[in-house]
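Top to bottom, those sequences are chains L and U. So the first sequence is numbered by our numbering: it starts at 891 and just counts up by one. So the second sequence is numbered by our numbering: it starts at 891 and just counts up by one. Notes follow once the structure below has been shown.
2 protein chains.
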Amino acid sequence: MASLVINHGAAGARIAGELREAILTGEYAPGARIRQEDIADRHGASRVPVREALRMLEAEGLVTLVANTGAWVSRVSLAECQEMYQIRERIEPLLLRYNLPLLDAAAVDELERLAVLMESSELDEFIALDRAFHLSCYDRAETTVLGATVLQLWNRTHSYRRAYMRIARTDPDRSVHHEHHLIVSAIRRQDVDEAERVLAGHIRRTRLELTRHPDIFE
Amino acid sequence: MASLVINHGAAGARIAGELREAILTGEYAPGARIRQEDIADRHGASRVPVREALRMLEAEGLVTLVANTGAWVSRVSLAECQEMYQIRERIEPLLLRYNLPLLDAAAVDELERLAVLMESSELDEFIALDRAFHLSCYDRAETTVLGATVLQLWNRTHSYRRAYMRIARTDPDRSVHHEHHLIVSAIRRQDVDEAERVLAGHIRRTRLELTRHPDIFE
DNA sequence: TACTCGATGATTGCATCCAATTCAAGAGAA
DNA sequence: TTCTCTTGAATTGGATGCAATCATCGAGTA
């Protein structure tokens, strides 16, 4: 007997995926209330898989659940954001180290293309390209924990990166692009230590920039 | 009207907590099947909150879920374990940096007591003391992401730490204790850089030790 | 023997229903 | 007015039941 649902046993994961996307695109902003029945209707499912999805997103830090009360898109404080950037500063170089030997000439060319595109793009397009640039550095090695952890950190701070750009674009920061090209260069030369150093500095500088706009965090 | 349940709206979290404990104590070993109805009966609940608990533990990496099939206590491969130790090597020093200023003389005395006790303990007691020692270094600062991440890494590798000790205790390793005392000393002097360095080396050495017993991982 | 292919029981996935809780608005008293 | 209490709608939490799926085992065939 053929089932009505294509993929039985994955409703929760599917809903979580689409909700995650909605949060990252900004359709749901930090602090926004998430009602179980809304999501359920929108996905033609009951509230049960929605609750599973919410639990998953809670574990990823994207959603905050309060018992008997409801679910909200997680807010991030300045202190928490700094924490996450400091963690990234220490583990992304390690992740890059895992990937470096697997990034061939074609991959590096693509990275350079993204870096160049970024120089003449703005706001949402820049955000997307920057994310693509960095995550492309990490998509070769089959790490389990490390890759997932880094991706979560990117996701949890994504909304605030956009909020930051909206404010800080008045003084366009050239050194970001310079650092991107330094990273590309180090990867092309397969210089692991230099790549780690530049990447750590890149994240560190971004973190310090954030401190200058504490107003973004509510 | 008084309810029959003390805490409505927390069944999933409560079950997750007890299941997590059961996994850490070894009652459920890596690879063991977890049946929803078993857990439900054992906690006098239905399968709904059990499934929530399983989703939470899955997100923590303690449980592996397969759609339409079941749940198992997560296995960890040697490569994954190495990854986790490398991450710890990079972020635990940072977490220690957060906590160092908050560790007063009394706290350091307690740490030293644990370090001494460990020298004349074995197996399960050593595991417990070692965990208490390190986690006590981290329980002062109110970090959100960093503390949770480190705790998860400890939990995910806990079973294997026990398995390792059961095998490797034939050649008791004195340098572990030496390093513990170096850490205590650095904390007492509030020497952040030295504390970071010693801790990173301590974790790194443990990771390299693990490589010598790949048979632990299935 | 070894292999394929159905049936059957066990287990999970999800929808529905009811209970528990929260929140907000309004009545009543100080 | 302001505070407290009550009431009820809105929402979440959890139990039950049925559908979907998987694993096991045995019959049949090469």
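We treat Cβ as the ideally placed atom computed from N, Cα and C, and that holds for glycine. Nothing here was measured: the structure is a model prediction, and the numbers come from that model.
Measuring alpha carbon to alpha carbon, tell me which of the options ends up nearest residue i.
i, options, result
"GLY1037(U)", "SER1011(U), ALA1018(U), LEU985(U)", "LEU985(U)"
"ARG836(L)", "GLU982(L), HIS1048(L), ARG1052(L)", "Outside the shown range of chain L (891 to 1108) lies residue 836(L), about which nothing can therefore be said."
"ARG1097(L)", "CYS971(L), ILE929(L), GLY907(L)", "CYS971(L)"
"LEU944(U)", "ILE913(U), SER936(U), PRO920(U), ALA906(U)", "ALA906(U)"
"ARG838(U)", "ARG987(U), MET946(U), HIS1103(U)", "This structure leaves residue 838(U) out entirely; chain U is present only between 891 and 1108."
"ILE1077(L)", "TRP1044(L), THR1034(L), HIS1024(L), THR915(L)", "HIS1024(L)"
"GLY1091(L)", "GLU1069(L), LEU1100(L), GLU1108(L), ILE1106(L)", "GLU1069(L)"
"ASP999(U)", "GLU911(U), SER1026(U), ALA1053(U)", "SER1026(U)"
"LEU1043(L)", "ASP1105(U), THR1034(U), ALA912(U)", "THR1034(U)"
"VAL1082(U)", "ARG904(U), PRO991(U), LEU914(U)", "PRO991(U)"
"LEU1100(L)", "THR959(L), ARG904(L), TRP962(L), ALA969(L)", "ALA969(L)"
"SER1049(U)", "GLU1108(U), VAL1074(U), LEU1004(U)", "GLU1108(U)"
"ALA922(L)", "SER1075(L), LEU993(L), ALA1031(L), VAL963(L)", "VAL963(L)"
"ALA949(L)", "MET1055(L), ILE1017(L), ILE924(L), THR1039(L)", "THR1039(L)"
"TYR1028(U)", "ALA957(U), MET1055(U), LEU1089(U), GLY916(U)", "LEU1089(U)"
"ASN958(U)", "ILE929(U), ARG925(U), HIS1103(U), SER936(U)", "ARG925(U)"
"LEU947(U)", "ALA1085(U), ALA961(U), ARG978(U)", "ALA961(U)"
"ALA1085(U)", "LEU914(U), SER936(U), ASN989(U)", "ASN989(U)"
"LEU955(U)", "GLY899(L), SER936(L), ASP931(L), ALA930(L)", "GLY899(L)"
"ASP994(L)", "ARG1079(L), ARG904(L), HIS1103(L), ARG1102(L)", "ARG1079(L)"
"ILE913(U)", "ALA1022(U), GLU1002(U), HIS1067(U), ARG965(U)", "ARG965(U)"
"HIS1067(U)", "GLU1032(U), ASP928(U), GLU1009(U)", "GLU1009(U)"
"ILE1073(U)", "LEU1001(U), ALA1031(U), GLU911(U), PHE1016(U)", "LEU1001(U)"
So the alpha helix (DSSP H) residue i belongs to, where does it begin and stop?
i, result
"VAL1088(L)", "1082 to 1101"
"THR1039(L)", "1035 to 1058"
"ASP999(U)", "995 to 1009"
"ILE1017(L)", "1013 to 1026"
Assign residue i to one of two classes, buried (16 or more other C-beta atoms within 10 Å of its C-beta) or exposed (fewer than that).
i, result
"SER1065(L)", "exposed"
"ASN897(L)", "exposed"
"GLY934(U)", "exposed"
"ARG941(L)", "buried"
"LEU909(L)", "buried"
"ALA980(L)", "The sequence shown places Arg at residue 980(L), rather than the Ala named in the question. Result: buried."
"ARG951(L)", "According to the sequence as given, residue 951(L) is Gly; it is not Arg. With 16 or more other Cβ atoms within 10 Å, it is buried."
"ARG920(L)", "For the sequence presented, residue 920(L) should be read as Pro rather than Arg. Classification of PRO920(L): buried, given that the 10 Å Cβ count is 16 or more."
"SER967(U)", "exposed"
"LEU1013(U)", "exposed"
"ARG1052(L)", "buried"
"GLY902(L)", "buried"
"ARG1046(U)", "buried"
"ASP1105(L)", "exposed"
"HIS939(L)", "Before going on, a small fix: residue 939(L) reads as Pro here, not His. Flag for PRO939(L) reads buried."
"GLU973(L)", "buried"
"ARG978(L)", "buried"
"ILE1057(U)", "exposed"
"ALA1005(U)", "buried"
"ASP1063(L)", "exposed"
"ASP928(U)", "exposed"
"ASP1111(L)", "Lying outside 891 to 1108, the shown extent of chain L, residue 1111(L) is not represented and no answer is given."
"ASP1020(U)", "buried"
With DSSP collapsed to three states, give me the class of residue i.
i, result
"ALA901(L)", "helix"
"ARG1079(U)", "coil"
"GLU1069(U)", "helix"
"PRO1062(L)", "coil"
"GLU1108(U)", "coil"
"ALA906(U)", "helix"
"GLU911(L)", "helix"
"ILE896(L)", "coil"
"GLU1032(U)", "coil"
"MET891(U)", "Bear in mind that a pLDDT of 40 at MET891(U), under 50, signals an unreliable position, so the number given afterwards is only what the model happens to contain. In the structure shown, MET891(U) sits in coil (DSSP, three-state: anything other than H, G, I, E or B)."
Please indicate yes or no: does the CB of residue i lie closer than 8 Å to some heavy atom of the ligand PLP?
i, result
"ALA1018(L)", "The ligand content of the structure shown is nil, which means the ligand PLP is not present either."
Report the residue ranges of all beta strand (DSSP E) runs contained in full by the segment 913 to 992 of chain L; include only those spanning at least 3 residues, in chain order.
-> 953 to 956, 960 to 963
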